[in-house]
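This report concerns only the one structure given below.
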Amino acid sequence: MRAAGERLEKQGITALSLREAARRVGVSHNAPYRHFADREALLAALAAQGFEMLGQAMRGQTGRGMGEAYVRFALQYPQRFRLMFGGQITLEKYPRLRAAAASAFDQLQAAFSAYGGDVRSAAAAAWSLVHGLCHLILDGHFAQRDEDFVKRVLAVVRFAVGPQRSA
């Protein structure tokens with residue numbers, strides 16, 4: 014898994030194969046098939062691991078800190094981030110992947126539960142905005158990748174989807 018994850022980050026999703034993973038760790042080309050049925054199963058395991066890593070990065074964070082952790086993860090692991098959300102994997106086939114993805118969203122919802130109201134919609138809105146920011150940065154639409162820029166954008170997100178103030 015480690016060798017496949019490193020190759021993913023260095024050369025992208027299309028460069029991943031079970032045969033290449035086996036070669037990199039010095040085992041027979043059939044050895045990975047003891048652990049993964051096919052390439053998609055390897056990708057699913059890498060994506061699940063990515064959601065677990067993301068969950069770990071967000072754990073204990075609240076509000077803007079959670080958004081910052083999300084952006085840092087995307088910038089640190091851009092290819093894994095793209096794999097996690099890219100649609101190359103049939104989610105229904107991989108319970109670990111489904112559970113890991115759901116757990117990450119549950120953490121986000123829990124952060125919004127203190128606000129009351131429609132927690133799921135607020136969490137979905139925040140996730141959508143922060144996720145979009147990540148893709149815009151990764152795709153080069155913002156030249157700024159610095160933390161101050163991210164913090165300013167996340168402050169706007171927090172204002173937009175944070176607790177509703179009564180008039």
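No gaps in the numbering here: position 91 of the sequence shown is 104 in my numbering, and each next residue is one more.
Positions of the beta carbon are idealized from the N, C-alpha and C atoms, including for glycine.
Nothing here was measured: the structure is a model prediction, and the numbers come from that model.
Open item on the list: Determine whether the beta carbon atoms of Met71 and Gln24 lie at a separation below 7 Å.
Closed with: no
- [ ] Starting from the Cα of Ser116, find the closest Cα among Glu33, Arg20 and Glu65 and give me that residue.
- [x] Glu65
TODO: For Gln101, I'd like the list of residues in its chain whose CB is within less than 8 Å of its CB, leaving aside the five on either flank, ordered along the chain.
DONE: Ile26, Glu53 and Leu56
Open item on the list: Once DSSP output is grouped into helix, strand and coil, what is the label at Phe118?
Closed with: helix
Task: Identity of the residue in Tyr83, Ala50 and Arg85 nearest Tyr107 by Cα - done: Ala50
Task: Cβ pair count under 8 Å reaching 3, the segment 145-161 against the segment 78-90 - done: yes
Open item on the list: For a quick check, are the C-beta atoms of Pro45 and Leu31 less than 7 Å apart?
Closed with: yes
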